[in-house]
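Take a look at the structure set out below.
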Amino acid sequence: PPPPPRSYGGGGGGSGDAADSGGASDGAGGRAGILGMFLAGWAARVAADPQFPFKVLMEELVGVTACVLGDMSSRPNFGLNELDFVFSTLVVGSILNFVLMYMLAPTPGAYSLGSRVATLVSKGTTFAVVGFGAGLMGTAISNGLIALRKRMDPAFETPNKAPPTLLNAGTWALHMGISSNLRYQTLNGVEFLLGNVMPPPVFKVSVIALRCMNNVLGGMSFVLLARLTGAQKSDKPASSDSEAKERLI
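Take the UniProt record's numbering: the last position of the sequence shown gets the number 249, and nothing is skipped along the way.
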């Protein structure tokens, strides 16, 4: 059977020589090896898809903005009472969106349905692990900012309890392994097809529109998942209509 579809792996889309020459020494040599692997992988992705840098740029600028707006729109009071959660989503989302783009750069081929399903499962597992690690990082950053704020202003009280670290990381793992994996694999395939039939200016506009919609959907789906798992929930009960009207007066 044909091999699974070639979505480039985490560091490696380039030549083995670059990786071997970079990893020969410890310390600075090891860091240079990692950087060399990344640069080689980046070059391979650009060679396979000249529009790859533009897609990454739009993902980080337009996509992350849309993701944050989708996240905030799914929260009470447009997320203004939960800015700590929103910031955590912003940090983790920025990291994960780049990882998704880098690791899911597709190449065409006559792949069987079984090979495509195997790739979907293997990438989902990889992204779940990455999502768990990024979730730990995002929670640590969010909790650190809250602690710093309390140190500067002892009277400050957070509107929400800090999310359980492992539960929040597990929620990110589920989101990455299932929702993000399905959405980005589909999106990358659609973009790859559109790039072959659309003029470059029209294609770039379609990339912006598609990534906006994808990230808004991603932000909203994460909030729903976080509510379901209990990783993120507001401590303040919903106000009655009369209380809301009083605040507006």
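The beta carbon of each residue, even a glycine, is placed where N, CA and C say it ideally should be.
>> One question on the structure: do Val207 and Glu191 come within less than 8 Å of each other, judged by their Cβ atoms?
In response: Taking the sequence shown and counting its residues from 1, one reaches residue 207 at position 207. Taking the sequence shown and counting its residues from 1, one reaches residue 191 at position 191. Going by C-beta atoms, Val207 is nearer than 8 Å to Glu191.
> Taking Phe127 as the reference, which of Ile95, Phe156, Ser142 has the closest Cα?
Replying inline: As a first step, residue 127 must be located in the sequence shown, where it is residue number 127. The shortest C-alpha separation from Phe127 is found at Ile95.
> On the premise that Asn181 lies in contact with Gly124, defined as a C-beta separation below 8 Å, what is that separation, rounded to the nearest angstrom?
Replying inline: Counting from one through the sequence shown, the residue named residue 124 turns up at place 124. Counting from one through the sequence shown, the residue named residue 181 turns up at place 181. Confirmed, Cβ separation roughly 4 Å.
> Are Gly177 and Cys67 closer than 8 Å when you measure CB to CB?
Replying inline: Indexing the sequence shown from 1 puts residue 177 at position 177. Indexing the sequence shown from 1 puts residue 67 at position 67. Cβ distance not < 8 Å, so Gly177 and Cys67 don't count as in contact.
> Run through DSSP, which three-state label would Gly22 get?
Replying inline: On the sequence shown, position 22 is the one that residue 22 refers to. Low confidence applies to Gly22: its pLDDT is 46, below 50, so where it sits in the model is not reliable enough to give any reading.
>> So, for Leu174: in the same chain, excluding its five sequence neighbours on each side, which residues have a beta-carbon less than 8 Å away from its beta-carbon?
In response: Here residue 174 refers to the residue found at position 174 when the sequence shown is read from its first residue. Around Leu174: Ala128, Gly131, Leu225, Thr229.
> In chain order, what residues of the same chain have a beta carbon less than 7 Å from the beta carbon of Ser142, not counting five sequence neighbours either side?
Replying inline: Within the sequence shown, the letter at position 142 stands for residue 142. The residues are Asp84, Phe87, Ser88.
>> Under DSSP, the alpha helix (DSSP H) around Lys161 begins and ends at which residues?
In response: Position 161 of the sequence shown, counted from the start, is the residue given in the question as residue 161. From DSSP, Lys161 is part of no alpha helix (DSSP H); its letter is neither H nor E.
> In its own chain, which residues sit with a C-beta less than 6 Å from the C-beta of Arg75, not counting the 5 before and 5 after it?
Replying inline: If you number the sequence shown from 1, residue 75 lands on position 75. Excluding positions up to five away in sequence, the list reads Glu82.
> DSSP three-state call for Pro200: helix, strand or coil?
Replying inline: Counting from one through the sequence shown, the residue named residue 200 turns up at place 200. Three-state result, Pro200: helix.
>> What does the Cβ neighbour count give for Val64, buried or exposed, with the cut at 16 atoms within 10 Å?
In response: For the purposes of this step, residue 64 is taken as residue 64 along the sequence shown, with counting starting at 1. Classification of Val64: buried, given that the 10 Å Cβ count is 16 or more.
> At what residues does the alpha helix (DSSP H) containing Arg116 begin and finish?
Replying inline: Residue numbering aside, residue 116 sits at position 116 when the sequence shown is read from its first letter. That run of the alpha helix (DSSP H) goes 113-152.
> With 16 other CB atoms within 10 Å as the buried threshold, where does Arg45 fall?
Replying inline: Your numbering for residue 45 matches position 45 in the sequence shown. Buried, because 16 or more other Cβ atoms sit within 10 Å of the Cβ of Arg45.
>> On a Cα-Cα basis, can you pick out the residue from Val117, Val202, Pro199, Gly144 that is closest to Thr186?
In response: The sequence position of residue 186 within the sequence shown is 186, counting from 1. The shortest Cα separation from Thr186 among Val117, Val202, Pro199, Gly144 belongs to Val117.
>> Between which residues of its own chain and Met198 is the CB-CB distance below 7 Å, once the five residues before and five after are set aside?
In response: Your numbering for residue 198 matches position 198 in the sequence shown. Same-chain partners within the cutoff: Ser206.
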